[in-house]
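Colleague: Protein chains in written order, with this note's numbering: chain A, 90 to 208; chain B, 4 to 113. Below: one structure in structure tokens.
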């Protein structure tokens, strides 16, 4: 069974760093792109970026380029989303999702990680 | 930056038919954008309904269908049911591995 299991909720202060994770199982993690999607409170979905764990090829939305870093460790089948200096506006639910092998759509989603940034 | 447009809200009567659309702030949507539709209920992760314009994801009822209508992608729900009340998001492929979500449509069934 394919699963994407994300790390737990985080409460951070502005300026702090954070790295959240998304562990894939039940499939060959190396060969599927993993994306990150943001959903701010009461708002819609935003495509942040995507990584191919096989070679760490990473693509970012222009809106998120330079704001976050996406990485992956295929040895432990885990993808990451990290911030070096959080802002209150980073408060959101973050989902990871697997892109299907032969289409530009997500076939499996993580359960989401809620990040709250507040002083 | 290209904006993907969706109706903010829509309502449909139970048993009725509704078509939600997904356009571009500049230009026309074609199959080359691989339109995908997701359904999301509050507090849940999104669920894939339609991908590559008109292919239903596994387990999706056939009352959901996708198409290109004019210069937009479209999601049609035929015979709407109460549990179709949800948010619907389209996403378009912009090339170079990059995709953009629309703002979402809140569908009310009443």
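Positions of the beta carbon are idealized from the N, C-alpha and C atoms, including for glycine.
1) Residues of chain B with CB closer than 9 Å to the CB of residue 199 of chain A, please, in chain order.
2) Nearest chain A C-beta to residue 106 of chain B closer than 7 Å, yes or no?
3) Determine, for residue 91 of chain B, whether the minimum Cβ-Cβ distance to residues of chain A falls below 7 Å.
4) Which residues of chain B have a Cβ atom closer than 8 Å to the Cβ of residue 196 of chain A, listed in chain order?
5) Quick one: Cα of residue 116 of chain A to Cα of residue 8 of chain B, how far?
6) Quick one: list the residues of chain A neighbouring residue 100 of chain B, beta-carbon separation under 7 Å, in chain order.
7) To the nearest angstrom, how far is it from the Cα of residue 97 of chain B to the Cα of residue 96 of chain A?
8) Would you list the one or two residues that DSSP bridges to residue 94 of chain B?
9) Say the cut is 6 Å; is the CB of residue 148 of chain A nearer than that to a heavy atom of the ligand GDP?
Modeller: Straight from the coordinates:
1) By 1-based counting over the first chain, the position of residue 199 of chain A is 110. Chain-order list of chain B residues neighbouring residue 199 of chain A: 48, by C-beta distance under 9 Å.
2) Within the second chain, numbered from 1, the residue matching residue 106 of chain B stands at position 103. Yes, residue 106 of chain B counts as interfacial toward chain A.
3) Residue numbering aside, residue 91 of chain B sits at position 88 when the second chain is read from its first letter. Residue contact with chain A for residue 91 of chain B: absent (no Cβ-Cβ distance below 7 Å to any residue of chain A).
4) The residue given as residue 196 of chain A occupies position 107 in the first chain. Going along chain B in sequence order, the residues near residue 196 of chain A (Cβ under 8 Å) are 51, 60.
5) Working through the first chain from its first residue, we reach residue 116 of chain A at position 27. Working through the second chain from its first residue, we reach residue 8 of chain B at position 5. The straight-line gap from Cα to Cα measures roughly 34 Å.
6) Working through the second chain from its first residue, we reach residue 100 of chain B at position 97. 139, 148, listed in chain order.
7) Within the second chain, the letter at position 94 stands for residue 97 of chain B. Within the first chain, the letter at position 7 stands for residue 96 of chain A. Computed Cα separation, rounded: 30 Å.
8) Reading the second chain from its first residue, position 91 is the one you call residue 94 of chain B. Its beta-bridge partners are B:39, B:104.
9) Ligands in the displayed structure: none, and consequently the ligand GDP is not present.
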